[in-house]
Amino acid sequence: MAEITFFFIALCVCVFALLSVLSRDVFHCAVWLALTLLSVAGVYFYLDAEFLGVVQVLVYVGGIITLFVFAIKLTAKIGDKSIVQVNEQTLAAAIVTAVLFYLLFKVIAVHPWVSGPGSAAVVSLKDIGNSLLTGYVLPFEFISLILLAAMVGAIVIGKVKK
Amino acid sequence: MIDPLSVQVRSMVINSSVILGFISISAMFLIWWERKVSAHIQNRLGPMIVGWHGSLQSIADTVKLLLKENIVPAGADKMIWWLAPFFVVVPSVMAFVTIPFARNFVVHDLNVGILFITSITSVCVLGIFMAGWGSNNKYSLLGGMRSAAQIISYEVPLLLSVVVVIMEAGTLSMQGIIQAQEHGWFILKPNLAIAFVIYFISSTAEVNRVPFDIPEAESELGAGYHTEYTGMKFAMFFVAEYTNLFIVSAVAATLFLGGWQGPFLPSVFWFLLKSYGIIFLSMWVRWTLPRVRMDQMMGFAWKFLTPVALLNLLISGWFMLR
Amino acid sequence: MEKIFRKIKNAYLGMISLFIGMRVTIKNYFAPSVTLEYPIKKKKMAPNFRGMVDLKPEACVICYQCIKICPVAALDLTHKQMVADGKKKNEITKFTYNAELCCFCGLCDEICPTDAIFMNKMYEVSVYDHNQVMNIDLMNENKYKHVDANYSLAAEIKINDLNTVGIIQKSPVAPVAAVAAAPAVSAVVSPTPAPEAPKPTSTNKETA
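Chains as they are written, first to last, in my numbering: chain C, 1249 to 1410; chain V, 39 to 360; chain S, 98 to 305.
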């Protein structure tokens, strides 16, 4: 019974991802992408990684998809006509994709996957917070600096020139 | 990972069914109550004929909306237009998962409760934008873009004020935050009182209510982003707005006023009293203030509320670490 | 530094003004409402309100003044002479009223020497059939029953009799037309009880 839940969520991810890639209209692609990311958050919740799932929704869907949508709407050319789905390199692409798929399939099928409740460590929120400020403090501060630089850069670029 | 037939899941299913029933009734009640409160503030009576003092008016309105013709605007992007109400209603309903209605009535008390609510309600932005875009109407598009900009701007002071509460309580879980208020409600502490004010202002902007209701301004943009929706789809937007109002008020009651804690009466009664008290406060402010302009609103969020919230956070943290 | 102080002062004043506004609002919340719940409670009309035209058939002296003064010819009267006990008497055969043409000016009420024709206080006068507004038979007691089930001629007559606003002492002169009206009005000027004071002064100015 537990597998049915997982298969449903995984099916959602695959279907929405496919729809996102195959849509003709860019705005539709963005919407399907949002649903894909929400389904991935569902996978995280299923695996008891609640903090990760919540942050996935907050950052990806709440922030990044909003950014995509604004970018699509403010650059009128992208949103106008439908995207061309095929070009003259279809045959070569099909061959490469088929070979890649076969290789990946072989690798995954040969590997002895352990199927069962799994022994993933359940990381509590306290541990994440602690490690962010003790073990991983350097990457944490570095990322904050990058974000600060991005914000300052955006404000400078967006300022009205007097 | 989860056994679907275990006791935990069964209690979750029962709790969520009760809460779904509560949501529908509460939305209807809130629509009626808003009309009555606004009427009495304006020295008039409001709905009086259908039921005692018009209490069945919401049911009559729902029946009317069900019977309306479903008009799809010409040139609208059909799939986007049709999907938009879902993106607005589903996150509102999902946020009820972690709201503690009583001492032991929570669908699932996640240990990231408050963050869950904030993240799920930020999916509404996409829904509003889709509604504005899919209508193929420049007023709807303007309303949708303004609303999206407003919501993401006011999420920042909202989260910053909530973080002060989290620091004080030491946990993100909603029941944990209520337990931490056993010795006194959080609003009685000065830095948390400021956080409450910031939270109240930001949440009023999050649910698109006056004074921040530019996106659905009735006299400015037709009806804003839900202009082209008729019948049940419009009812979905309406219900989502009032459900969002209830969620932010319930979260305020939980974070700052002690949730379901109270002396003699059953805990669910205290919770509902506090939530509806904050909703009354929100309605009271609605009928007092005029609407702010779009640039004033953005300036207020970025130039005033965010610095004040950051300062509050800084000072609270400093006092906590001393 | 100045700017920061000014910003803080502005913020503080803004909050105070919000609280003052909220106090006004909550006071109005508990104040009684001014709504008149219309179909359940109806308001009484002012004493000089001009509703539909009504008639006291026994008071009419068939002087034809109302017909002559009506600016839109909404009234139609015919009479015949009857002999009873050797005396000749006029009797109304038909007195109809066209409410579609009527402009509700009240001139027929003003000119009638016996106050037989008057304007009643009906204001809910919608009907579904056009014919019901074109030929209203003023002699019929139940002329407006189909419009308002609570209509009663006696009640309307009573309200009209109790109305004393702006009553001119109508001397029972012979109904010779508007020429007699001016001397009749100026005859009222001399003995002036208090309520009529404004009216005679205006007519004084006209004749002087």
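C-beta: ideal position from N, C-alpha, C; glycine also.
Measure the C-alpha to C-alpha separation of residue i and residue j and round it to an integer number of angstroms.
| i | j | result |
| --- | --- | --- |
| I317 of chain V | W325 of chain V | 13 Å |
| S241 of chain V | V286 of chain V | 6 Å |
| F238 of chain V | E244 of chain V | 10 Å |
| F167 of chain V | D251 of chain V | 15 Å |
| A1342 of chain C | N1335 of chain C | 12 Å |
| G203 of chain S | G148 of chain S | 9 Å |
| G1401 of chain C | L1395 of chain C | 10 Å |
| L197 of chain V | P136 of chain S | 51 Å |
| G337 of chain V | W1361 of chain C | 55 Å |
| A1278 of chain C | K116 of chain V | 16 Å |
| I61 of chain V | L311 of chain V | 16 Å |
| D1296 of chain C | R247 of chain V | 36 Å |
| T281 of chain V | V1347 of chain C | 51 Å |
| I109 of chain V | S313 of chain V | 37 Å |
| R73 of chain V | L104 of chain V | 20 Å |
| V1317 of chain C | F302 of chain V | 51 Å |
Do we get a CB-CB distance below 8 Å when we pair residue i with the residues of chain C?
| i | result |
| --- | --- |
| L105 of chain V | no |
| I118 of chain V | yes |
| L121 of chain V | yes |
I'd like to know whether the C-beta of residue i is nearer than 8 Å to at least one C-beta of chain V.
| i | result |
| --- | --- |
| Y135 of chain S | no |
| M98 of chain S | no |
| I105 of chain S | no |
| I101 of chain S | no |
| Y126 of chain S | yes |
| I1394 of chain C | no |
| G118 of chain S | yes |
| A1282 of chain C | yes |
In this structure, does DSSP put residue i in helix, strand or coil?
| i | result |
| --- | --- |
| F192 of chain S | strand |
| Q178 of chain S | strand |
| A140 of chain V | strand |
| D258 of chain S | helix |
| V150 of chain S | strand |
| F307 of chain V | helix |
| N239 of chain S | coil |
| C1260 of chain C | helix |
| K165 of chain S | helix |
| N187 of chain S | strand |
| D1273 of chain C | coil |
| D226 of chain S | coil |
| I87 of chain V | coil |
| F1296 of chain C | One detail in the question is off: residue 1296 of chain C reads as Asp in this sequence, not Phe. D1296 of chain C falls in the coil class under three-state DSSP. |
| I215 of chain V | helix |
| M142 of chain S | coil |
| F1318 of chain C | helix |
| A281 of chain S | Low confidence applies to A281 of chain S: its pLDDT is 49, below 50, so where it sits in the model is not reliable enough to give any reading. |
| L172 of chain S | strand |
| I1376 of chain C | helix |
| F215 of chain S | strand |
| Q99 of chain V | The residue you asked about is not Gln; residue 99 of chain V is Asp in the sequence shown. In this structure, D99 of chain V counts as helix in the three-state DSSP scheme. |
Considering only the beta carbon of each residue, do residue i and residue j sit closer than 8 Å?
| i | j | result |
| --- | --- | --- |
| V200 of chain V | T156 of chain V | yes |
| A156 of chain S | D212 of chain S | yes |
| R329 of chain V | P253 of chain V | no |
| T122 of chain S | W70 of chain V | no |
| L1373 of chain C | V150 of chain V | yes |
| V1274 of chain C | I1313 of chain C | no |
| M216 of chain S | D245 of chain S | no |
| Y126 of chain S | H78 of chain V | yes |
| A122 of chain V | A65 of chain V | no |
| P111 of chain V | E279 of chain V | no |
| K141 of chain S | L133 of chain S | no |
| S1271 of chain C | T1284 of chain C | no |
| C199 of chain S | V169 of chain S | yes |
Let me see if you follow: with CB-CB separation under 8 Å, is residue i close to chain S or not?
| i | result |
| --- | --- |
| L351 of chain V | no |
| V88 of chain V | no |
| I316 of chain V | no |
| R418 of chain V | Because chain V in this structure spans residues 39 to 360, residue 418 of chain V falls outside the shown range and cannot be described. |
| W322 of chain V | yes |
| L94 of chain V | no |
| H78 of chain V | yes |
| N229 of chain V | no |
**Prompt:** Taking any Cβ of chain C, which residues in the region 187–221 of chain V have a Cβ under 7 Å from it, in chain order?
**Reply:** I190 and L210
**Prompt:** Listed from N- to C-terminal order along the chain, which residues in the region 147–176 of chain V have their beta-carbon within a distance smaller than 8 Å of any beta-carbon of chain C?
**Reply:** L148, N149, V150, L153, F154, T156, S157, I158, S160, V161, V163, L164, F167, M168 and W171
**Item:** Under 8 Å (Cβ pairs) to chain S, residues found in the region 322–336 of chain V
**Value:** W322, V323, W325, T326 and L327
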